[in-house]
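Trainee: Quick one: this structure, given as structure tokens, is what I'll be asking you about.
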Amino acid sequence: MRLPSPPLLLITDRQQARGDICDIAEAAFAAGCRWLSLREKDLPEAQQGELLRELLDRAQPFQAKVTLHGNPALAQQARAHGVHLSAGGDAAAARRVLGKDALIGLSVHGVEEARAADDKLVDYVIAGPVFETRSKPGYGPALGPEGLALIARACPAPVVAIGGIDPQNPADCRLAGAAGIAVMGAVMRATNPAEMVAQLIGALTAPLT
């Protein structure tokens, strides 16, 4: 499966969000976001399922994809468009549950993990943190564009950059070989999520100089 276009993945975090995550999602969809993943792993699965279904309803008018950071079986039950797996996750099992048309991703944090990713099973990997980030300060030192480039060269699947992404640095990620970007805090904390999404998409799709 090809990545959604534009290749901007918005990941939810209700702890950082300034409002209801479903309202933020709808504003993001209206601003051009076509890919969102629910990442609320501390919630019971029943509540995650309810949120997934609400997000899918909000996404439908925009033909946006909604995936889950979590259990492939739950994603399947809610009829989500796919799942994102933690580093070391079983992509083969996820593919068996969700089928060939699902959007399946995997987190990687270094070159060896990136090289081991099977592009017959995963559609993309998320690599980071690329820059210093307030959202996940404990996830090790920032890779920087140079580290991201090493991962992009090693990985057989498209690489989505995460960590400290803001409207000033998508070009750096693209020049390093990233196929897309993932954001959490920049949109969740924004006073105007739609405006932030529009700025991110503009930076992501601008011609490289």
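Per the working numbering, residue 84 is the first one in the sequence shown, and the count goes up by one each step. The C-beta atom is built at its ideal place from N, Cα and C for all residues, glycine as well.
1) Taking DSSP as the reference, what is the three-state secondary structure of Leu226?
2) Just tell me which of Glu123, Leu287, Val191, Asn154 has its CA closest to the CA of Arg179.
3) Does the stretch 263 to 270 touch the stretch 239 to 253, meaning 3 or more C-beta pairs lie closer than 8 Å?
4) Can you check DSSP and say which residues form a bridge with Lys148?
5) Where Ala289 and Ala254 are concerned, what is the direct C-alpha to C-alpha distance, given to the nearest angstrom?
6) Output yes or no for whether 9 Å exceeds the beta carbon distance between Ala100 and Ile94.
7) Could you give the C-beta distance for Ala200 and Pro239, rounded to a whole number, given that I count them as a contact under 8 Å?
8) Please state the DSSP three-state secondary structure of Val280.
9) Can you confirm whether the stretch 135 to 144 touches the stretch 165 to 172 when touching is taken to mean that 3 or more C-beta pairs between the two stretches lie within less than 8 Å?
10) In three-state terms, what does DSSP make of Val213?
11) For the beta strand (DSSP E) that Ile245 lies in, which residues bound it at each end?
12) Does the beta-carbon of Leu151 have 16 or more other beta-carbons within 10 angstroms, so that it is buried, or is it exposed?
13) I'd like the span of the beta strand (DSSP E) that includes Ala265, first residue to last.
14) Would you call Ser88 buried or exposed, if buried means 16 or more other Cβ atoms sit within 10 Å of its Cβ?
15) Go ahead and pull the three-state DSSP assignment for Gly132.
16) Three-state secondary structure (DSSP) at Val205?
17) For Val208 versus Leu189, is the C-beta spacing smaller than 9 Å?
18) Among Thr292, Val166, Ala175, whose alpha-carbon lies nearest the alpha-carbon of Leu121?
19) Assuming Leu139 and Trp118 form a contact by the criterion Cβ under 8 Å, report the distance between their Cβ atoms to the nearest whole angstrom.
20) Select from Glu109, His192, Arg198, Ala235 the residue whose C-alpha is nearest the C-alpha of Asn275.
Mentor: On the basis of the supplied data:
1) Correct three-state label for Leu226: coil.
2) Asn154
3) Yes, since at least three Cβ pairs between the stretch 239 to 253 and the stretch 263 to 270 fall closer than 8 Å, the two stretches touch.
4) Trp118
5) 8 Å
6) For Ala100 and Ile94, no; Cβs fall outside 9 Å.
7) 6 Å
8) For Val280, the three-state secondary structure derived from DSSP is helix.
9) In short, these stretches do not touch, since the Cβ pair count stays below three.
10) In this structure, Val213 counts as coil in the three-state DSSP scheme.
11) Looking at the DSSP string, the run of the beta strand (DSSP E) that includes Ile245 is 242 to 245.
12) So Leu151 counts as buried.
13) 263 to 266
14) When all chains shown are included, Ser88 counts as exposed.
15) helix
16) coil
17) yes
18) Val166
19) At roughly 13 Å, the Cβ-Cβ gap does not stay under 8 Å, so Leu139 and Trp118 are not in contact.
20) Glu109
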